[in-house]
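To keep things clear, I will list the structure first and then write my remarks on it.
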C-alpha cells in the first residue's frame with residue numbers, strides 16, 4: 001500500500017512539475033485553440049490502436065491454447081485500460097485485470113499471465129525496432145543533424161536489427177538453457193516450444209504490433225497537429241520510443257507525468273515548444289482515459305446483469 005501511494009504521489013508530483021514549467025495558461029490556450037477535426041482523427045486512431053492491440057492479444061492467447069471469444073477479450077482489454085488509467089504502476093493494473101479476466105474464462109492463472117506478459121513484450125519490442133529504424137533512416141537521409149544525435153547511422157541501424165532479431169535468438173537459446181531453470185519455468189518453456197509454427201506466429205505478432213504502434217504513433221502525431229505542432233510523422237516515430245516506453249514504466253498512474261516529461265524533452269530536442277509537446281502528450285493520455293471510461297462502464301453493466309445481482 002505504501003509503494004502504491006508513493007507511486008501515485010510521484011506521478012501527480014511529476015505531472016504538476018511538468019505543467020508548471022510548461023505553463024498551465026499556455027497549455028489551456030493550446031487546448032482551447034485545438035482543431036476539433038484533428039482531435040476526432042486522433043481519438044479514432046487511438047481507438048484503432050486499442051482494438052488492434054486487443055486482437056493481437058486474442059491471436060497470441062489462441063496460439064498458446066487459451067481459447068476465448070474475441071468479444072470477451074475485447075471487453076477485457078478495454079477494462080484493462082480503465083485500470084491503467086486510475087491505478088499506480090502504469091500498465092501493471094490493467095495487465096493484472098486482463099489476466100484475471102482470462103482466468104475466469106477457464107484457463108490456468110500462470111498461462112493467462114504469460115499471454116498478457118508476452119503481449120506486452122511484443123508491443124515494446126516492435127516499438128523499439130520502429131523507433132531505432134526510423135532514427136537510422138533519418139540519419140542516413142540527412143534529416144537529423146549530427147549535433148542532435150551524435151551516433152553513427154550504421155550503429156543505430158545495427159541496434160535496430162539486433163532488437164529485431166532478439167526474440168528469435170532468445171527462442172533458439174532457450175532450447176538449450178531451459179534445463180537449467182527452476183521446474184515451473186522449465187515446464188513453461190517446454191510447453192511454449194511445443195506450440196505450432198512459432199516462427200510464423202512471431203511474424204504475425206510483429207505485424208499485429210506494427211499495426212498497434214502505427215495507430216498509436218499516428219494518434220500522438222494527430223494530437224500534436226490538433227494543438228498546432230507542425231512536425232513530420234517520421235519524427236513522431238523516433239520520439240515514440242522513449243515517450244511510450246517511459247509511459248509504460250511502473251512508476252506512475254496511467255503514464256501521467258512520465259509521458260508528458262518525455263514528450264517535453266524529446267519533442268523539445270527537435271524544436272517543439274514545451275507547452276505544445278506537453279499538450280499533445282496530455283491529449284494522448286486523455287484519449288486512453290476516454291476508452292478506459294467505456295471499459296469501466298462495460299464492467300459495471302456486466303456486474304449489474306450477473307446472476308448474483310439479479311437474485
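Residue numbers (full-length UniProt numbering): 1 to 311.
The beta carbon of each residue, even a glycine, is placed where N, CA and C say it ideally should be.
query                                                                                                                                  : result
Where residue 227 falls: helix, strand or coil (DSSP)                                                                                  : coil
DSSP three-state assignment for residue 314, whether helix, strand or coil                                                             : Since the first residue of the chain shown is 1 and the last is 311, residue 314 is not available in this structure.
Selection from 51, 50, 59 that minimises the alpha carbon distance to residue 203                                                      : 59
Cβ neighbour criterion (16 or more within 10 Å) applied to residue 9                                                                   : exposed
CA nearest to the CA of residue 115, picked from 26, 264, 189, 24                                                                      : 189
Collapsed DSSP secondary structure at residue 192 in the structure displayed                                                           : helix
Spatial distance of residue 15 from residue 139 (CA atoms)                                                                             : 32 Å
Straight-line Cα distance separating residue 273 from residue 176                                                                      : 51 Å
Nearest residue (CA-CA) to residue 70, options 117, 57, 136, 201                                                                       : 57
Residue 310 versus residue 218: straight-line alpha-carbon distance, rounded                                                           : Residue placement at residue 310 is poorly supported in this model, since its pLDDT is 46, which falls under 50; the coordinates still yield a value, given next. Looking at the two C-alpha atoms, the distance is approximately 43 Å.
Alpha carbon of residue 290 to alpha carbon of residue 239, nearest angstrom                                                           : 24 Å
Own chain residues within Cβ distance below 8 Å of residue 12, not counting five before or after                                       : 253, 256, 257
Neighbour-count burial assignment, residue 119, 16 or more Cβ in a 10 Å radius                                                         : buried
Alpha carbon of residue 100 to alpha carbon of residue 292, nearest angstrom                                                           : 17 Å
Alpha carbon of residue 287 to alpha carbon of residue 43, nearest angstrom                                                            : 6 Å
Residue span of the alpha helix (DSSP H) that contains residue 242, given as start and end                                             : 233-248
Under 8 Å between C-beta atoms of residue 80 and residue 65                                                                            : no
Distance between beta carbons of residue 132 and residue 160, contact taken as under 8 Å                                               : 4 Å
Contacts around residue 236, its chain only, beta-carbon distance under 6 Å, and the 5 residues preceding and following it disregarded : 217, 220, 221
Inter-residue Cα distance where the pair is residue 241 and residue 117                                                                : 19 Å
Length of the line joining the Cα atoms of residue 278 and residue 266                                                                 : 11 Å
Cβ neighbour criterion (16 or more within 10 Å) applied to residue 20                                                                  : exposed
Closer than 8 Å to chain D by CB, residue 10                                                                                           : The structure shown has no chain D; it contains just one protein chain.
Test item: CB-CB of residue 195 and residue 63 under 8 Å                                                                               : yes
Spatial distance of residue 174 from residue 208 (CA atoms)                                                                            : 24 Å
Residue 154 versus residue 269 - alpha carbon distance                                                                                 : 22 Å
Inter-residue Cα distance where the pair is residue 171 and residue 165                                                                : 10 Å
Cβ-based neighbour list, residue 201, same chain, cut-off 6 Å, excluding 5 preceding and 5 following                                   : 63
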